[in-house]
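Mapped onto my numbering, the consecutive letters of the sequence shown carry residue numbers 307 to 457. In this text, a Cβ means the ideal position worked out from N, Cα and C, and glycines have one as well.
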Amino acid sequence: FARINQVDLLGDLILKAFSNAIPEKTAAGSGPHCYFISYSGVDENDEYWVYIEVNESAYGGRPDSDGLDAVDALVHNTQNRPVEDIELSHPLRIEHYRLREGSHGAGEHRGGHGHERMVKFLSDSTITIEGDGNKYGSWGYDGGKGAPSGE
């Protein structure tokens, strides 16, 4: 985590530089904010468990189309684990997992929506959250609006 956020921000800064040089070929800000959430505890069989997820963002609007919704950041290699697998493997219940309405930047071609997940613990558990990007949202360009920051 200590390194990946800086790499994400660097990639987004490169996109911003390209937006000035070749705006007809460049996407708006792509939510380079990454959150690691660690769930852990002891289950009903007195076994220790841990589940770690990496929450991503979305891509900014592109010159000819909307940005992609709820996708991996530019340099990550994480998977979108199915809710059913999480619930079968850990004492967690996913109450909802959906696109976060209003999380895109408005424009002729809007930015992508981020996602939100509501998790219910089914045993005594601990949650740890590490992240960056709660203060500033993604940037827009060419008249498009930036997206709000993460919550």
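G437 sits in a strand when the DSSP states are folded into three classes.
In the DSSP secondary-structure assignment, N361 is bridged to Y341.
Between the alpha carbons of A334 and S431 lies a gap of roughly 39 Å. Under the three-state reduction of DSSP, I392 is assigned to helix. In this structure, the straight-line span from the alpha carbon of I433 to that of T332 is close to 37 Å. Cβ neighbours of E330 within its own chain (closer than 6 Å, five residues either side excluded): P369.
Here DSSP, grouped into helix, strand and coil, assigns E330 to helix. Using a Cβ-Cβ distance cut-off of 8 Å, the region 343-362 and the region 394-413 are in contact, since at least three pairs of beta carbons, one from each stretch, lie closer than that value.
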